[in-house]
Amino acid sequence: MNNNAAVKFAPVFTEDKKVDVSLVDGEAVIKLSTWQGDDLGWCGQKTMSLDTAMIDELHRVLTAAKMKLHRESETSQPANIIEFPKFA
Numbered sequence: 010m011n012n013n014a015a016v017k018f019a020p021v022f023t024e025d026k027k028v029d030v031s032l033v034d035g036e037a038v039i040k041l042s043t044w045q046g047d048d049l050g051w052c053g054q055k056t057m058s059l060d061t062a063m064i065d066e067l068h069r070v071l072t073a074a075k076m077k078l079h080r081e082s083e084t085s086q087p088a089n090i091i092e093f094p095k096f097a
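Each number in our numbering corresponds to the 1-based position in the sequence shown with 9 added.
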């Protein structure tokens with residue numbers, strides 16, 4: 010597959026970061042860009058090319074990280090304590 014026939018997917022955005030994913034020459038290419046203001050716009054920071062085995066491993070690790078973050082956010086919220094009336 011040549012670069013002109015690369016398959017591009019919709020980017021993932023936050024306010025100041027963007028991740029682009031495309032398929033080029035049989036590999037997934039992931040590019041991280043950051044917003045540097047109106048003067049510079051989106052500037053590429055890192056680019057990774059991953060083969061199928063690396064994509065599988067990255068997916069596994071990201072899923073594990075996501076699950077851990079969800080568990081931590083659930084336990085870090087303060088418990089809802091209900092006060093019962095005191096009887097003398």
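The beta carbon of each residue, even a glycine, is placed where N, CA and C say it ideally should be.
### Query
Taking the C-alpha atoms as reference points, what is the distance between Asn-12 and Thr-43?
With a pLDDT of 49 at Asn-12, under the threshold of 50, the modelled position of that residue is not reliable, and the figure given next carries that caveat. Spanning the two alpha carbons is a distance of roughly 23 Å.
### Query
Using a Cβ-Cβ cut-off of 8 Å (strictly less than) and excluding sequence neighbours within five positions of Gly-50, which residues of its own chain qualify?
Within the same chain, Gly-50 has close Cβ partners Trp-44.
### Query
Can you tell me where the beta strand (DSSP E) with Leu-49 in it begins and where it stops?
From DSSP, Leu-49 is part of no beta strand (DSSP E); its letter is neither H nor E.
### Query
In three-state DSSP terms, what is Ile-91?
coil
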